[in-house]
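In this note's numbering, the protein residues as written are 366 to 662.
From the three backbone atoms N, C-alpha and C, an ideal C-beta is built for every residue, glycine too.
Since the model is a prediction, treat every value here as computed from it, not as a measurement.
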Ligand SMILES: [Zn+2]
């Protein structure tokens, strides 16, 4: 409680917000007030995040040749850009941060029949495959995000513990009530030689409509990293709640070639550099790590 009061004193204008989140945090875990305040603000973003109504940029205005370093005219380049490098040891384990058990995510996915297509920059499949419910701490009413599409990057955009992965799937959701605020669930894939039925269906959908069940990729309560970030393509809007599954999934070489022959091994596309944006500075953003069975319902 002493720590919470210290926060209130320093930031009286944000009294209500800080107090609300700080109340569920265990002050013992944090090394100082600023540390705890950063996590409070991340939690606050679940219910308060809003964004301007923006359209995705026309594709011919940008490319991946310079990995996004030349997008300064197209992106705001604020302090919460994505993708980022995540260091698991620096992330805040939820099981130790919270006084109460807390697992914020409820995924309501169902199979859809859809087709995939290559745009100039990405392989994308559109459809409404369900909703992501994100629960602010101690609140029973979730913030609801509707699924709109999923797409792939090769190699991965996020880097975890200095490791880049072969492929990254982005499940894109929008809070339709609040304009274009997004929640993205990222899943990393590694070529281990093991056939992946979900990836195969996604590939097959280029030729014909296919029934795809995204839920088949997920465990009951998937473990993930959580941080406040941005779209990774122009206009790079900083209104995204990012969830990145901690467990990479497997795929085989032939499946990976479907993506790399188009991007990361194709000299004709961005000089063979792939369709991933460079990692962006984390600055002081906290990353939460939901990985302990004890902290889940
Ligand atoms: Zn993406």
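Mind checking residue i: buried by the 16 CB within 10 Å criterion, or exposed?
i: residue 415; result: exposed
i: residue 597; result: buried
i: residue 540; result: buried
i: residue 517; result: buried
i: residue 527; result: exposed
i: residue 593; result: buried
i: residue 655; result: buried
i: residue 452; result: exposed
i: residue 483; result: exposed
i: residue 548; result: buried
i: residue 645; result: buried
i: residue 633; result: exposed
i: residue 519; result: buried
i: residue 433; result: buried
i: residue 455; result: exposed
Return yes when the C-beta of residue i is under 8 Å from any heavy atom of ligand 1, and no when it is not.
i: residue 575; result: no
i: residue 625; result: no
i: residue 615; result: no
i: residue 522; result: yes
i: residue 549; result: yes
i: residue 533; result: yes
i: residue 518; result: yes
i: residue 598; result: yes
i: residue 537; result: yes
i: residue 487; result: yes
Could you say which of the options lies nearest to residue i if we only look at CA atoms?
i: residue 610; options: 472, 568, 645; result: 472
i: residue 566; options: 625, 480, 549; result: 480
i: residue 499; options: 467, 448, 433; result: 467
i: residue 612; options: 513, 600, 582; result: 582
i: residue 426; options: 635, 646, 599, 605; result: 599
i: residue 513; options: 485, 430, 546, 603; result: 546
i: residue 356; options: 643, 502, 469, 646; result: Residue numbering for the chain in the displayed model covers 366 to 662; residue 356 lies beyond these limits and cannot be assessed.
i: residue 604; options: 410, 428, 641; result: 410
i: residue 663; options: 627, 585, 577; result: There is no way to answer for residue 663, as the model of the chain reaches only from 366 to 662.
i: residue 533; options: 392, 465, 607, 521; result: 521
Roughly how many whole angstroms lie between the Cα atoms of residue i and residue j?
i: residue 445; j: residue 495; result: 27 Å
i: residue 371; j: residue 618; result: Unreliable positioning characterises residue 371 in this predicted model, as indicated by a pLDDT of 38, which lies under 50. The coordinate reading is nonetheless provided below. Taking the straight line joining both Cα atoms gives about 55 Å.
i: residue 649; j: residue 442; result: 15 Å
i: residue 601; j: residue 561; result: 31 Å
i: residue 475; j: residue 396; result: 42 Å
i: residue 595; j: residue 447; result: 5 Å
i: residue 458; j: residue 573; result: 43 Å
For residue i, write down the residues that DSSP places opposite it in a beta bridge.
i: residue 594; result: 605
i: residue 401; result: Per DSSP, none; premise fails for residue 401.
i: residue 615; result: 555
i: residue 476; result: Answer by DSSP bridge pairing: none, since residue 476 is not bridged.
i: residue 546; result: Answer by DSSP bridge pairing: none, since residue 546 is not bridged.
i: residue 512; result: 538
i: residue 490; result: 481, 515
i: residue 645; result: 449
i: residue 471; result: 498
i: residue 458; result: 654
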